[in-house]
Structure formats: C-alpha cells, structure tokens
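Residue numbers (my numbering): 578 to 1160.
Written out as structure tokens, the structure reads:
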C-alpha cells in the first residue's frame, strides 16, 4: 500500500491472512514478555523514568508496523542507543541555566523527533549508504566500550551508593573509597539476580532470564518488603496510556539537539541496519537501507510525540519473534497491546520491582554487547582492523560515549584513507597460450612484453593519493628494462580521477617524455577521460596514446617494439633468448 506522499505503508502486513495469527499472537506475547524487563530497565541508563521505556515499546512498534518495510524486524529500546542518548542529554543539560528545571523527558522526546527527522531526510536524499559508514569491526569496538560504560553505570544501583565521578576507573576508585556506605542487602540481592541470569543462559532454559528475574524479584519484594529494608524500588509508574505531547523545542539549545540527534541517529541506524541485515540473511529476505529509514523514522517520531526516547532495531526482540515463528508485523502489534495491558493491570507489581534487579538485567545486557567471538574473528582476519576496533573502544571509554561516536567516525575515516592512500599496483605480462594479461608477481610463468611495461593501478587517483601514484609510476619508469620505450597505464581498476590526479599524470607524462619513454593509458572510463581532456593531459600524451583496451594499445605500440628489436639486431646481432610475439 502506498501513502498519499508516495511512502509505502503496511508492507509488514501485506497480504495478511487470519491464519498468520496462530503464529503472530504467541510471538507477540513472547516479545512482550522479553521486552518488558528491558523496557523498564533501559531508561535508567539515561536517567529517565521506567514508564518511558514502556511507552516506547508500545508506540514505536505500532508506527513501524504502519511504515516499516520488514515483516520480522521488531523495534524498541536498545542499550547502545540509550547510552549515546544519555551522553547527548548530559551535553544538553550542561548548558541549561542552573535555576531552570530540567525536563529530561522533554529533552529525550526532542532528540527522538530529531532522529526521526534525520531518518526521513536521509531517506529522501537516498543516504541509506550511511549505514555502511561505521564498519562492523568499528561498531564491535564501539559497543564493547559502551558495554563497559553501562557496567560502570550500574555500581550505584547495585550498591545503593551515589557515584558522582565519570569514566571507567574513577567510579571504581570512588566506590572503593565509599565502601563503608555500601548497602550490602542491595548488593547481595543484585548479584544473586545476576547469577540467576547466568544460570538461565548457561542452562538454556526456555523461560527468558529477564522475565524470571522480574517475577522472582517482585515476589521477594512483596514478601519481604524490600523498600522498608532499604532496597530501592522502581516506585510509582503511571498506569494510564501514553499521552500525545510536543516537547518545547523553543526552550532548548537547538544546536545541541541537532548534534545529539545526529549522534544517536548514526549509531542507532548503523547498528540497526547491521542487525536487520543479519536477521534478513537468516530469513532469506533482502534489507533495503533506504526503505528502513522510513520505518525507523516513523518509529522514532512516535516516541517523540508520546513522551519517550529514540529507539532502534532490537536484536533480542527480533530474535524472539523469529524463534517463535512470527510471520508479520501483527506480532509487534500484539506485543504493544500486551504491554498496554501490563501497564494498566500490573501497575502495583511493577512499582515494587527492586532497582538492583534492573541493574542485573542491564549488566547482563551490557556483557551481551561485548562480541568476543567477533573480536577474535577480526583479529584473525585483519590485525589493522582489530587495532581500529580497540581505538574505538578506547574512545568510548576514555572520552565518553558521545565523543566516542566522534572517535568512531574519525577511526573510520582514517581506516578508509589508509586503504585508499596507497593503491596497489602491479606489472602485467602474458602467459603463452592464454588470453589476457597477468600479474608478473603472482604468476611466475607470465612474461613481460618486449618494449612495453604495463602497470595496473588498483584504486582511484585523488588528491590524497595522487603524489603516491605519481611517485610509483615514475619509479617504475626509471626501472624499466633496457629497450623498453613505452609505459602503459592499465586504468581498468580506476573509477575516478580528480584534478589533482590529472596533474600528477601530466607530470608523469612530461617526465617520461624527457626520458624518451612514451606514456600511454588503456581502459580509461568515459568520465575520467573527459576530465583528463579538460585538464589538457590527453593533449600532452597525444590522443593516439589513449586506448580502449590493452590489446588495442599493444597492437598500436607493436611497431615501436619491432623497430627497437630490429635496431638492436642490426647493431649486436640477433637477440638471444627472445622471440617476437604476435598479439
């Protein structure tokens, strides 16, 4: 179905059949059961009340069911997104007047609206490729850093001690100094729930660990009156439905809102698409990043309009949906309806949920963000990518999560530049009896062509690597075998040349010309050819030295090679060990 603005709608429910409910209803109930504990726990990362997580888990799936393209993906609160959100909110709150009352919910809602705007803007500009901007190794490193930040952030909930310092080691040192103030019943209970989560995971019980922890914690809290014994509990939760409200954007620093929204958008969308493609591969479905931008944009607008915070694709909820056999977005709608019922009818039970239990759930979720297996895989495949993953992890820990996003972007840029600053080059030759040209270094049986050196550049020639390419070509030109009077550049792997690259090739042609060596180019694409023509490089080379392919070039350069060989034979007699080769 296509909306009035040309936006696809209800794709996740397309072709709906009543029989699907046999799968979607159980799947939706399972999603709600797993999602409720995280919906209550995750807002604490950003200092938000627990009901905001429930609101996000209700309205975001509804919006995604209407505008999202996937049948199986489930959106909701995400630990990594919440950590970036917390950092963005801290930056905004820091510039608020001290006398002004800080409305954290309004700030979170404004950021959710900002993320939605970024999603839709990126969609209409077809910038879904931005999801590929943060590579998998860098995301793995970033999430490892985020996980450590989340773990440190749970110290106060485990111990009941207010921690005022930031960073990784400072809070640990602070709790050691304040060890006399630790509320031991809270710590013992929180660690017990953490152990219970580990047992459930290790034993692979069918009951999700967070659900079991919530049920056990509520029962024990009711029986032993934890609140009276000094163990902090969630407290009052509004039991009504989420209400429509617009945050007062005019009272907020818009520049900080925009920057914070951009950071949350980049991380949540980048990580969300990685998750979406992972689940799409398992389900045999293609994931269109540009279409997902519409669904995620709507799924962020909805929480922003109903007093909540930005969301992303939820790994755990999507995994539950797939394992429970969910068929369509009806599962997400069933989940939302179940959470509405929980908000209305389980209000009293949720109110006495102990905070150390939520800390245990968050700590386990944080540990789940550390993908040790993927880090080992990156180490095995590429040590350099592993180094960049560590740099990103260090940035998230040392400079804070928001600055860690900047470090991640910088690490990505450095990594990309390093890969493209030094394009690989190789000399090509022929293998007798075989068509085509072959890398002389890789194929020992390949032989260089007499009188002509063929150099393949595997990469673009742009401003940041033009000097390197020029130096390499001139070095090859000075090391040509005796009797070689032509250097042919194989441009088949060059997709783009800029003005700086054109100037570098002009210098190569001029320098080689002074050495009586002809510089020619083959397999040049039309765009690059037009640029070299406007830059005057083709005039400097001579139009006759630009060839459609290497075979044409070799045929044109053949007379020059024969003349060189004939002259050598007249002077020194027949050349030993070489025969003329017809192309």
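Built from N, CA and C at the ideal position, the CB exists for glycine as well.
Residue 652 has its alpha-carbon roughly 17 Å from the corresponding atom of residue 860.
Counting the other CB atoms within 10 Å of its CB gives residue 821 a total below 16, which places it among the exposed residues.
The beta carbons of residue 1064 and residue 1054 sit closer together than 8 Å. Going by DSSP, residue 842 is part of the alpha helix (DSSP H) stretching over 831 to 860.
For the pair of segments examined, the segment 696 to 704 was found not to touch the segment 654 to 665: the number of CB pairs separated by less than 8 Å stays below three. Between residue 804 and residue 929, the CB-CB gap stays under 8 Å. Residue 897 has its alpha-carbon roughly 10 Å from the corresponding atom of residue 610. DSSP, reduced to helix, strand and coil, places residue 1095 within a strand of the structure shown. Separation of the CB atoms of residue 1004 and residue 1021 is rounded to 13 Å, and the pair is thereby denied contact status at 8 Å. For residue 1034, there is no enclosing alpha helix (DSSP H); the residue is part of the beta strand (DSSP E) that begins and ends at 1029 to 1035. Residue 870 sits close to residue 705, with the two beta carbons spaced by under 8 Å.
As a beta-bridge residue in DSSP terms, residue 1006 pairs with 1015.
Scanning its chain for C-beta atoms nearer than 8 Å, with the 5 sequence neighbours on each side dropped, one finds around residue 1086 the residues 1096, 1114, 1117, 1118, in chain order. Taken in chain order, the segment 690 to 723 contains no complete alpha helix (DSSP H) segment of 4 residues or longer.
Under the 8 Å Cβ criterion, the segment 997 to 1015 counts as touching the segment 1032 to 1043, having at least three qualifying pairs.
Per the C-alpha coordinates, the member of 1124, 891, 906, 1110 positioned closest to residue 654 is 891. Boundaries of the alpha helix (DSSP H) around residue 615: 598 to 618. Our two residues, residue 1090 and residue 1069, have alpha carbons roughly 23 Å apart in a direct line.
Between the segment 842 to 850 and the segment 879 to 890 there are three or more C-beta pairs closer than 8 Å, enough to call the two in contact.
Look at residue 909 here: in three-state DSSP terms it is helix.
For residue 1105, the uninterrupted alpha helix (DSSP H) segment begins and ends at 1103 to 1111. Residue 1044 is a Cβ neighbour of residue 1081, given a cutoff of 8 Å. Distances from the alpha-carbon of residue 665 to those of 681, 770, 824 put 681 closest.
Proximity to residue 629 across 977, 879, 837, 750 peaks at 879, based on C-alpha coordinates.
DSSP places residue 1063 inside the beta strand (DSSP E), whose first and last residues are 1063 to 1067. By the 16-neighbour rule on beta-carbons within 10 angstroms, residue 686 is buried. A Cβ-Cβ contact shorter than 8 Å links residue 901 with residue 603.
Taking a contact as a CB-CB distance under 8 Å, the pair residue 721 and residue 970 counts as one, their CB atoms being some 5 Å apart. Minimum Cα-Cα distance from residue 671 among the listed residues 958, 833, 937 corresponds to 833. Straight-line spacing of the CA atoms in residue 762 and residue 794 works out to 13 Å.
Listed as beta-bridge partners of residue 1123 by DSSP are 1098. Contact check for residue 733 and residue 740: beta-carbon distance about 5 Å, within the 8 Å limit, so the pair qualifies. Judged by DSSP in its simplified three-state form, residue 781 adopts coil rather than helix or strand. The beta-bridge partner set that DSSP reports for residue 1001 consists of 1035. Nearest C-alpha to residue 936 among 756, 764, 1057, 1018: 764. With a minimum length of 3 residues, there is no unbroken run of beta strand (DSSP E) contained wholly in the segment 738 to 814.
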